[in-house]
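J.:
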Amino acid sequence: MKVQLFLTIACYLLVACLSQRETLRTCARLGPDWSQVDCSAHQSSHFRLFDRMWAGDFEEVAEEWLANSAIPPGLRNIQRMAFCTHWECFTNQALINYMNIHRYLPQCLSQSPEDWVNDRYWARCVNQALIDTDHTADYLVYFCHKMFGIQEVPIPCPSDEVILSSNRPRIQDMQKAQEIVQDAEPETDQWWISLMRNIMELSVDENNVPTFHYGWIINKDGNDLKNMVPLWSPYQGPTVPVSIDFPKILNALDNGGDITLGGFRSFRCVHWETTTAVRCEEFGPLSYNPWETIVLVPTQKYILMGMTQRQDRVFFLEDALQKQADALISDGF
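Mapped onto mature numbering (1 follows the signal peptide of the UniProt record, and there is no 0), the consecutive letters of the sequence shown carry residue numbers -19 to -1, 1 to 314.
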């Protein structure tokens, strides 16, 4: 009876039915960066569906959407690409455009982005371990995961016994467990993680409480702009910088101006006094509550980014980033 209960709960958490999963795989193989695709041709039809979802008809819309999620057989590549553009715009640019008018879907605000990260991870693992099922609640996990711009955490699924356990760990604890607290070779995964850990530890306030919330390290090479911190990092949070963000971040170092995080959260950057640091305050309809501040500090090769929810203690984070940057510069980084 207990096993049957766990199976029921697990099936409830499945991300989507088999047809949706296959569509996701096919579109991932076909597609460019879907977050930068022109969705204008599909926006009106998607907005009508979003209107219904925001009005409370999420389940009905999800059922309709999932019922049409399978790519029809026999399509030519150009037809498959058109199908994928329609499909992907629903949880990418068309969704962001709608959110900028109507903010976040209320159902997605029922829990934190970190909770959606956890739900999404275990839904994927359940999907690998058990039979597929089609349930509208499963799609809410996927939809909110996309709404918050959350990246998949690349940690392998544990055994079926752990997946079915009522006491399985949170993905955030599993991320932390992968961290090795010891010296690491420069520019390896554990080295990047150690830099984030150092910044967090250096950012403590007068009460020894870290002001660092999450952070990232961006490669400054204009031909290879990217986030160097591995996606399993316990220090970088649900939303990470993506390709559309990097040029804006690099430009803000010299010129200030607006940047984005995850392609949708907006921050306005200004140089701070006589330091090399740039402070970027969150603004706009998609600001988190509490809103956050990002601090950028450059080294020779990288941009250190730290984020805090404590605006009255931002200088502690700024000081921590500057100390870490000075150490990297002295080592030739």
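Note that CB positions come from ideal geometry on N, CA and C, so glycine has one too.
Please read these numbers as outputs of a predicted model, since none were measured by experiment.
Please state the DSSP three-state secondary structure of Lys207.
T.: Position 226 of the sequence shown, counted from the start, is the residue given in the question as residue 207. Note: Lys207 maps to strand in three-state DSSP.
J.: Strictly by DSSP, which residues pair up with Leu277?
T.: Stepping through the sequence shown from its first residue, residue 277 is reached at position 296. Leu277 pairs with Val259 and Met286.
J.: For Val134, which option in Thr220, Leu267 and Leu298 has the closest C-alpha, if you only look at C-alpha atoms?
T.: By one-based count along the sequence shown, residue 134 stands at place 153. That would be Thr220, whose Cα lies nearest to the Cα of Val134.
J.: Apart from the five residues just before and just after Val98, which ones in its own chain have a Cβ nearer than 7 Å to its Cβ?
T.: Taking the sequence shown and counting its residues from 1, the one referred to as residue 98 is at position 117. These residues qualify, in order along the chain: Ile131, Val134, Ile152 and Pro219.
J.: Comparing C-alpha positions only, which one of Thr257, Ile52 and Asp239 sits nearest to residue 316?
T.: The first residue shown for the chain is -19 and the last is 314, placing residue 316 beyond what the model contains.
J.: Would residue 355 and His23 be called neighbours here (beta carbons separated by less than 8 Å)?
T.: What the structure shows of the chain is the stretch from -19 to 314, and residue 355 is not part of that stretch, so it cannot be assessed.
J.: If I follow the unbroken beta strand (DSSP E) through Phe245, where does it start and stop?
T.: Sequence index remark: in the sequence shown, residue 245 carries index 264 (1-based). Phe245 -> no beta strand (DSSP E), and no H or E assigned at all.
J.: Pick from Tyr283, Ala75, Phe314 and Gln92: whose alpha carbon is nearest that of Gly244?
T.: Taking the sequence shown and counting its residues from 1, one reaches residue 244 at position 263. When only C-alpha atoms are compared, the closest one is Ala75.
J.: So, Leu86 versus Trp46, is the Cβ gap smaller than 8 Å?
T.: As a first step, residue 86 must be located in the sequence shown, where it is residue number 105. As a first step, residue 46 must be located in the sequence shown, where it is residue number 65. Not closer than 8 Å, so no.
J.: Run through DSSP, which three-state label would Pro94 get?
T.: Position 113 of the sequence shown holds residue 94. Looking at Pro94 - three-state DSSP - the assignment turns out to be helix.
J.: Which same chain residues, not among the five before or five after Ile301, have their C-beta less than 6 Å away from its C-beta?
T.: What you label residue 301 is simply residue 320 of the sequence shown in a count that begins at 1. Sequence check: residue 301 is Ala here, not Ile. Counting only Cβ-Cβ distances below 6 Å, and skipping sequence neighbours, we find Ile180, Leu183 and Ser184.
J.: Per DSSP, what kind of secondary structure is Asn99 in: helix, strand or coil?
T.: The residue labelled residue 99 in the question sits at position 118 within the sequence shown. Helix, per DSSP.
J.: Just to check my reading of the structure: Arg61 and Asp186 have Cβ atoms closer than 8 Å, yes? What is that Cβ distance to the nearest angstrom?
T.: For the purposes of this step, residue 61 is taken as the residue at position 80 of the sequence shown. For the purposes of this step, residue 186 is taken as the residue at position 205 of the sequence shown. About 54 Å; that fails the 8 Å criterion.
J.: Are any of the Cβ atoms in chain B nearer than 8 Å to that of Val221?
T.: Absent from the structure: chain B. Only one protein chain is present.
J.: Between which two residues does the beta strand (DSSP E) holding Tyr195 run?
T.: As a first step, residue 195 is located in the sequence shown; it is residue number 214 there, counting from the start. Tyr195 to Asn200 is the span of the beta strand (DSSP E), which, as asked, contains Tyr195.
J.: So what does Val107 bridge to, in DSSP terms?
T.: As a first step, residue 107 is located in the sequence shown; it is residue number 126 there, counting from the start. For Val107, which the question treats as bridged, DSSP gives no partner whatsoever.
J.: For Glu273, tell me which candidate among Asn232, Phe264 and Pro139 has the shortest Cα-Cα distance.
T.: In the sequence shown, counting from the first residue as 1, residue 273 sits at position 292. Residue Phe264 is the option with its Cα nearest to Glu273.
J.: Quick check: what's the CA-CA separation for Met286 versus Asp96?
T.: Reading the sequence shown from its first residue, position 305 is the one you call residue 286. Reading the sequence shown from its first residue, position 115 is the one you call residue 96. Approximately 23 Å, taken between the alpha carbons.
J.: Determine the direct distance from the alpha carbon of Ala110 to that of Pro54, and round the result to whole angstroms.
T.: For this step, residue 54 is matched to residue 73 along the sequence shown. For this step, residue 110 is matched to residue 129 along the sequence shown. Taking the straight line from one Cα to the other gives about 27 Å.
J.: In whole angstroms, give me the CA-to-CA distance for Trp68 and Ser93.
T.: In the sequence shown, counting from the first residue as 1, residue 68 sits at position 87. In the sequence shown, counting from the first residue as 1, residue 93 sits at position 112. Roughly 26 Å separates the two Cα atoms.
J.: Can the beta-carbon of Trp173 be found closer than 8 Å to that of Met128?
T.: The residue you call residue 173 lines up with position 192 of the sequence shown. The residue you call residue 128 lines up with position 147 of the sequence shown. No, the Cβ-Cβ distance between Trp173 and Met128 is not below 8 Å.
J.: Give the DSSP-derived three-state secondary structure of Thr192 in the structure shown.
T.: The sequence position of residue 192 within the sequence shown is 211, counting from 1. Residue state, collapsed to three classes: coil.
J.: Rounded to whole angstroms, what is the Cα-Cα separation between Lys207 and Phe248?
T.: Along the sequence shown, read from residue 1 onward, the residue named residue 207 stands at position 226. Along the sequence shown, read from residue 1 onward, the residue named residue 248 stands at position 267. About 19 Å.
J.: Considering only the beta carbon of each residue, do Ala306 and Cys261 sit closer than 8 Å?
T.: The sequence position of residue 306 within the sequence shown is 325, counting from 1. The sequence position of residue 261 within the sequence shown is 280, counting from 1. Cβ atoms of Ala306 and Cys261: not closer than 8 Å.
J.: Excluding the five sequence neighbours on either side, which residues of its own chain have a C-beta within less than 8 Å of the C-beta of Ala258, listed in chain order?
T.: Within the sequence shown, residue 258 is the residue found at index 277, counting from 1. Taken in chain order, the residues that qualify are His252, Val276, Leu277, Val278, Glu299, Leu302 and Gln303.
J.: Kindly identify the DSSP beta-bridge partner or partners of Gly238.
T.: To locate residue 238, count along the sequence shown from 1; it is residue 257. Answer is Cys250, bridged to Gly238.
J.: Taking the alpha helix (DSSP H) that Phe141 belongs to, which residues open and close that run?
T.: One-based indexing of the sequence shown puts residue 141 at position 160. Reading the sequence as shown, one finds Asp at residue 141 and not Phe. Its alpha helix (DSSP H) spans residues Asp141 to Ile144.
J.: Could you check whether Tyr283 and Leu242 sit closer than 8 Å to each other, using their CB atoms as the reference points?
T.: By 1-based counting over the sequence shown, the position of residue 242 is 261. By 1-based counting over the sequence shown, the position of residue 283 is 302. Contact: no.
J.: Mind checking whether Asn73 and Ser147 have CB atoms under 8 Å apart?
T.: Indexing the sequence shown from 1 puts residue 73 at position 92. Indexing the sequence shown from 1 puts residue 147 at position 166. Against a cut-off of 8 Å, the Cβ pair of Ser147 and Asn73 comes out as no contact.
J.: What residue range does the alpha helix (DSSP H) around Gln156 cover?
T.: Within the sequence shown, residue 156 is the residue found at index 175, counting from 1. Unbroken alpha helix (DSSP H) run through Gln156: Ile152 to Ala158.
J.: Looking only at DSSP bridge pairs, what is Val42 linked to?
T.: Within the sequence shown, residue 42 is the residue found at index 61, counting from 1. Paired residue(s): none; Val42 is not in a bridge.
J.: Round the Cβ separation of residue 334 and Gln159 to the nearest angstrom and send it over; I've been treating them as touching at under 8 Å.
T.: There is simply no residue 334 to check, as the chain begins at -19 and stops at 314 in what is shown.
J.: Output needed for Tyr79: all residues of its chain with C-beta closer than 7 Å, excluding positions within five of it in sequence on either side, in chain order.
T.: Translated into positions along the sequence shown, residue 79 becomes position 98. Counting only Cβ-Cβ distances below 7 Å, and skipping sequence neighbours, we find Phe28 and Phe31.
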